[in-house]
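Have a look at the structure below, then the notes.
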Amino acid sequence: MKEKDAQELLHCLPHQRTLFPYCRDHYAVQLLRVASKRYPTIPALKRSPFGRLFDKPSVRSLTSACGNGRLDTGALTPYWQEPGNTYLLTVGIWSGRRQRDAQMSRRGANIVLRLHFNRQHDQLYSRTIQPTRANAFNGWGHPVLMQGERRYFRETLAWARLDVDFHTNEVLVEEIQSDWVRRVRSLKLRASRCCDEACVLRGYGYRTTAGQAHAYVSYAESLMHDWSHAMLAAVLHFAEHELGVSTLWYHTWNTGVALKGIDRDWAPPTSLYTRLPEQFCFEATRDMPRLLSTEPLRKRLNRHRIEPHFYKLDL
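According to this note's numbering, the sequence shown is numbered sequentially starting from 152.
As structure tokens, then:
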């Protein structure tokens, strides 16, 4: 999208704290609400692209109470299971870079939806990791929340870059990423190699011990397991309730690497562009988002000898 349009959109979005509660498999409940608009009966849902959701015991348990064969969305409201977390959402803009560095499919800007930890996490993180700077577990130059950008500050768990087009009523998920997950996995490995809990571990922006690192990693395990689901669930909520668009698109790995000009040696994990959208019931298609249906973009794919492949979810 054009940077001017992104700035105008950012001005219209909430600037106060936006809380986002999430627990394991909560995305399935979100998707059932979306699906019920087109498939009001449970048999129809099971035959639809959303049928894979019924593989989850939690979904079968919720829908078993619908005795008349129709999905009662009210029965989905109380769904919650531990361990759950309440995250904080903020929105920013990604722009002003060369296209290759920006890793965007088309020139302009992306809206960045950021998923932040709550105060409980940040207090534990500060006590155990002893960071000497903000965003010690996030890479320089990435679209994380910076100190002073808002009245409040929370460490960033993950972010999603979104290309929004209100003319075509579409959102393309350009990227979902977490530096934090990689840094915590690295810290876990380093701590496991220490024979003494008092062993000092230093990194760029922090100084801790093996014992403190073990305590932090123990808390962080469930967050690492669910981070991508929580992030894409937040995107789904944002696209439906804040942007009001009708279609959500998601890159496949090959098409995304080609369109965004990413060196394959630095490409993201394939699972984020295969298994994750499939779990969210996106359908694979050879159609292109209308927001990308320009001749230069098609030529870019042709240069790489790649047929367009995307994932699509109608909201």
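Just so you know, even glycine gets a beta-carbon here, dropped at the ideal spot from N, CA and C.
Express the C-alpha separation of residue j and residue i in angstroms, rounding to a whole number.
{"i": "Ser246", "j": "Glu326", "result": "14 Å"}
{"i": "Thr436", "j": "Met255", "result": "20 Å"}
{"i": "Arg353", "j": "Asp438", "result": "48 Å"}
{"i": "Gly407", "j": "Phe317", "result": "21 Å"}
{"i": "Thr214", "j": "Phe171", "result": "24 Å"}
{"i": "Trp417", "j": "Tyr230", "result": "39 Å"}
{"i": "Gln232", "j": "Tyr173", "result": "9 Å"}
{"i": "Asp156", "j": "Ile244", "result": "11 Å"}
{"i": "Arg265", "j": "Leu275", "result": "20 Å"}
{"i": "Leu452", "j": "Gly299", "result": "40 Å"}
{"i": "Ala216", "j": "Ala381", "result": "26 Å"}
{"i": "Leu338", "j": "Asn286", "result": "15 Å"}
{"i": "Ala366", "j": "Leu323", "result": "38 Å"}
{"i": "Thr192", "j": "Leu394", "result": "27 Å"}
When the Cα of residue i is compared with those of the options, which residue comes out closest?
{"i": "Asn261", "options": "Leu222, Val242 and Arg278", "result": "Val242"}
{"i": "Tyr355", "options": "Leu227, Arg270, Leu387 and Asn289", "result": "Asn289"}
{"i": "Pro112", "options": "Leu410, Ser397 and Arg344", "result": "Summary: the structure shown does not reach residue 112, with the chain confined to residues 152 through 466, and so no result is reported for it."}
{"i": "Gly220", "options": "Tyr190, Tyr230, Thr359 and Phe201", "result": "Tyr190"}
{"i": "Ala384", "options": "Gly412, Arg451, Tyr238 and Ala157", "result": "Tyr238"}
{"i": "Tyr401", "options": "Asp414, Val386, Gly395 and Arg415", "result": "Val386"}
{"i": "Glu372", "options": "His272, Asp465 and Cys350", "result": "His272"}
{"i": "Lys207", "options": "Asp414, Val180, Gln274 and Tyr303", "result": "Val180"}
{"i": "Glu434", "options": "Glu159, Gln167, His166 and Arg203", "result": "Arg203"}
{"i": "Thr279", "options": "Gln167, Val351 and Phe205", "result": "Val351"}
{"i": "Arg341", "options": "Ala364, Pro447, Trp331 and Leu196", "result": "Ala364"}
{"i": "Arg441", "options": "Met375, Arg456, Ser343 and Phe461", "result": "Phe461"}
{"i": "Leu161", "options": "Val315, Asn236 and Leu308", "result": "Val315"}
{"i": "Val332", "options": "Leu374, Arg449 and Leu313", "result": "Leu374"}
{"i": "His166", "options": "Arg302, Thr445 and His455", "result": "Arg302"}
In this structure, what does DSSP give as the bridge partners for residue i?
{"i": "Glu434", "result": "Lys463"}
{"i": "Pro282", "result": "Tyr357"}
{"i": "Asp316", "result": "Glu321"}
{"i": "Gly235", "result": "Cys174"}
{"i": "Gly243", "result": "Val263"}
Starting from residue i, trace the alpha helix (DSSP H) both ways and give me its first and last residue.
{"i": "Ile193", "result": "Ile193 to Arg198"}
{"i": "His177", "result": "His177 to Ala186"}
{"i": "Thr214", "result": "Pro208 to Thr214"}
{"i": "Gln254", "result": "Element bounds for Gln254: n/a, residue is neither H nor E."}
{"i": "Pro447", "result": "Glu446 to Arg454"}
{"i": "Cys163", "result": "Glu154 to Cys163"}
Quick one: is residue i near chain D, going by C-beta distance under 9 Å?
{"i": "Asn320", "result": "Although the question refers to chain D, the structure presented lacks it and comprises just one protein chain."}
Within the continuous beta strand (DSSP E) that includes residue i, where are the two ends?
{"i": "Arg265", "result": "Asn261 to His267"}
{"i": "Leu338", "result": "Premise fails: Leu338 lies in the alpha helix (DSSP H), Asp330 to Ser343, not in any beta strand (DSSP E)."}
{"i": "Ala399", "result": "Before going on, a small fix: residue 399 reads as Leu here, not Ala. Unbroken beta strand (DSSP E) run through Leu399: Thr398 to His402."}
Since residue i contacts residue j with CB under 8 Å, what's their CB separation in whole angstroms?
{"i": "Thr283", "j": "Arg198", "result": "Not a contact, Cβ separation roughly 56 Å."}
{"i": "Val210", "j": "Leu466", "result": "Contact doesn't hold; Cβ gap of about 19 Å is too wide."}
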